[in-house]
Amino acid sequence: MTGLLAAFGLSSRLDNRIYDLVARAWTPPEVTDVAIVTIDEPSLFELGRFPWSRRLHARLIDQLAEAGAAGVAFDIIFTEPDWEDLAGDQVFADSVASFGRVVMPVFSDVRISGQPPEEIRPLPRLIDAGVGLGHVELVVDEDGIVRRVRRFSGLPPARHPYFGSALLDRAVGADAFEVENDPLYERSVLLDDEWAFIPYSARNRFDHMTFADVVQGRISPERLRGKLVLVGATASGLGSTFSTPLSDNGVPMPGIVLHAHMLHALSHDIIWRELQRPVAVAALVLFAAGLATLILRSRKRFFVALAGLGALLAFSAACLQLFGIWIPPGAAMISTIAALIGWSIIVRQVERAAVRAERERAAVTLRAIADAVITVGADGRVDYLNPTAAMLTGWSNDAACGRLLVEIIRLRCENDEPINLGDSELDRQRVRARLRSRDGTMHEILVSRGQIFDERGLPSGHVIVLHDITEQEEARRLFEGSEIRRRQLERELQHAGRLSAVGQVSASIAHEVNQPLTALTTYASVARRLVTRDDPASQARLLEAVRKMVQQAERAALVIRRLRRFFEKDREEVGLHDLTEVVDEALELALIGANGLDIHVKVDLDRKVPPVPFDRIQIQQVIVNLVRNAVEAVAGCNPREIEIASRLRGGDVEVRVADTGSGISPEIAAILFEPFNSSKPGGMGLGLSISRSIIEAHGGELRARPGEQGGAVFTFNLPLQVKVDA
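Plus 376 on top of the position in the sequence shown (first one is 1) and you've got the numbering used here.
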């Protein structure tokens, strides 16, 4: 398609419009070498009716020669003698011969009735005087706009150069003007040698001066020195005018100004030419094929086509303005747009077929899906119920279709508030709800909603998905009930373990409490005797006895408080606690009654350990169990040493309880943490099992190993950050 459009010029109108835009945007060199002498209304008013005497034209040439002009070209026809002043023709010819750098137009006159054309030339006298000849044949395109000139024209065997090129040759040949070469004479295999574009520019500002001002010497020679001067008519009805790309609002351009644009470009070695038609066709076909391939492979076809066309326009404009080569992009643009439209139509048809097939597959899927699915139109009426939805709601598909959705399903949330199925919140997440089916059965469900779009991407309805979780909810409630019961039994077991641990040292506890009570009784008796005495010494002893009574009471109260906290039940709270404080308090409880055993207890706690998240009572129970086991292990050994230490280990804190007892035999090590296994007389075998359960519930691990110097080492770790299940 691109080749046909380009080969037969079917896109010429579009190419011409694009060329006009590019030409108007062109920034040419500054105009310093071309001047225009106009035969305008003021000159006619001052010098009289045209044509004027040839003596005036001779005087014009003389003035230009005196001012140092580089050359002059007349866009005026001098084909007949001045019958009123034949001597004036000779004066004119003498001025032409004297100046030498004068060019006049020549053109072909097409005869009627099949007669051969005739070449119209200036007077033979002027030709004999050495006037240069150049054609002024302009090419009018089909839209009536002049954009090109012929490089050479004339009847064979004569081939005359373009009017402005002839003037440039005369000026350069006489060393009156400098230019490297005339680009109109250059030939190229790739470029069109017949035509050349006129490099119009809206930014050109030519120096205009009237014929009368120049002839009368009112123009400064500086304005003419070194200039290529064009002389032509601009007066209304006298000179020719043409439509050009710069003709705003339909105002035509005088022919002499048109030639000035071309001459200015030639004087700067600038020429715009078009690629040879076969070369242009091949280049455009390759570009269109490449762009079409990109469009077909891309998902964003419109943007690819837009970018490709923009690149083509930019490339054509750059080639014209930078290299003087015009590559008409219209054929490729039309082909690309046509290909895009055609391919879009094909893709749309394919997509519609795919949508129909997808809908058929979706219908099959909906019938087989385990969830209840209801499709609703934009009017809120039911379009389809899959079999699962029919079973869940109690409505058949035939009975439900066409009814409003609110007639089929009525949902309520957990607080018995109705759920609006038009709420956009359902598009983002599944909502728990209760559904009453047609027969009154209640179902617990998860409901969600999705938007349905039509082929144009506009909303056309919704799809409602109901996931029945009635059985799962019943199972969850049963599990939660059993889990609550399990935790209750576990707390009772832990409480029993604490009671057992303390029961084993009950005699020692009674001793610990009895000591301060006995002392308190003694101090009270002393105080009773001293209270009746008034002397200062007795009063001082009385105050000291009261102070010691308070001290012993606080000592007994401290023991009781620690025991009460240790015995607390149904208090399960995980919070941030100071591990050092908890260890110290546990040691006080665990070492009750051990004062007479001569046990050396070494405490090495890392004070840099930050607050740790755990259940205070449970961790205290673990430490008490481990320390009490260590006390019993070293009771019959020598030396009797117990060490409790804490250290940071990565993201955990590690607590170690070591003793110098008899150690752990391999038989005991295998069943050490199993419940109801104990090597102590009367022991229940629950202490270590409960301790391990507590530590694992906190995300840690309880371990046992033989000590390096004998005895046993128990260690457990607690994470510094624990995720607690809700």
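Cβ atoms here follow ideal geometry from the backbone N, Cα and C, with glycine treated the same way.
Residue state for A765 is assigned as helix, using DSSP reduced to three classes. The C-beta distance from V758 to A776 rounds to 5 Å, short enough to fall under 8 Å.
Here the alpha carbons of A449 and L642 stand approximately 15 Å from one another. Across the structure, G706 and L390 are spaced so that their CA atoms are roughly 6 Å apart. Between the alpha carbons of E1019 and G1039 lies a gap of roughly 14 Å.
One alpha carbon belongs to G686, the other to R786, and they sit about 57 Å apart. Taking every protein chain shown into account, the CB of S692 has 16 or more other CB atoms within 10 angstroms, so this residue is buried. Taking a contact as a CB-CB distance under 8 Å, the pair F539 and V479 counts as one, their CB atoms being some 7 Å apart. Here L781 has I750, V752, G756, R757, V758, L797 and I840 as same chain residues with Cβ atoms under 8 Å from its own Cβ, once five neighbours each way along the sequence are excluded.
Exposed is the label assigned to V723, since fewer than 16 other Cβ atoms lie within 10 Å of its Cβ.
Residue G1087 holds the alpha-carbon nearest to the alpha-carbon of N1014 among A966, N1005, G1087 and L963. Taken through DSSP and simplified to helix, strand or coil, P427 comes out as coil.
Unbroken beta strand (DSSP E) stretches of 3 residues or longer found wholly inside the stretch 472-558: 478-485, 494-496, 508-511, 514-516 and 522-526, given in chain order. Following the DSSP letters along the chain, one finds L811 inside the beta strand (DSSP E) bounded by residues V807 to R812. Around the beta carbon of W459, a 10 Å sphere encloses fewer than 16 other beta carbons of the protein chains shown; the residue is thus reported as exposed. The Cβ atoms of V472 and L502 sit closer than 7 Å to each other. Around the Cβ of K603, a 10 Å sphere holds 16 or more other Cβ atoms; the residue is buried. Judged by DSSP in its simplified three-state form, Y760 adopts strand.
For E1030, the uninterrupted beta strand (DSSP E) run begins and ends at D1028 to D1035, by DSSP. Annotated as distal: F1049 and S1069, with beta-carbon spacing of 7 Å or more.
Rounded to the nearest whole angstrom, the C-alpha separation of D974 and R992 is 29 Å.
Around the beta carbon of N1001, 16 or more other beta carbons lie within 10 angstroms, which makes this residue buried. By the Cβ neighbour-count rule, H511 is buried, with 16 or more other Cβ atoms within 10 Å of its own. For T403, the closest of A578, Y395, A746 and Q439 by C-alpha to C-alpha distance is A578. Taking C-beta separations shorter than 6 Å and ignoring five residues to either side along the sequence, the partners of G508 in its chain run V479, A542 and R546, following chain order.
Residue ranges of uninterrupted alpha helix (DSSP H) with 4 or more members are absent from the stretch 686-729; none lies entirely inside it. P532 and P418 have their C-alpha atoms spaced approximately 41 Å apart. Nearest C-alpha to R812 among R806, V591, D830 and D792: D792. Secondary-structure assignment with DSSP links L780 through a beta bridge to R757.
Contact fails between the stretch 425-441 and the stretch 619-632, because fewer than three Cβ pairs, one in each stretch, are under 8 Å apart. The continuous stretches of beta strand (DSSP E) do not include Q996, which lies in the alpha helix (DSSP H) extending over residues R992 to V1010.
In the DSSP assignment, N392 falls within the unbroken alpha helix (DSSP H) covering S388 to R400. For I860 and I845, the gap between their C-alpha atoms comes out near 22 Å. Less than 7 Å divides the Cβ of G1037 from the Cβ of V1010. Under the three-state reduction of DSSP, R909 is assigned to coil, being neither helix nor strand. The beta carbon of V1089 is closer than 6 Å to those of A1034, R1081 and G1083 in its chain, skipping five residues each way along the sequence.
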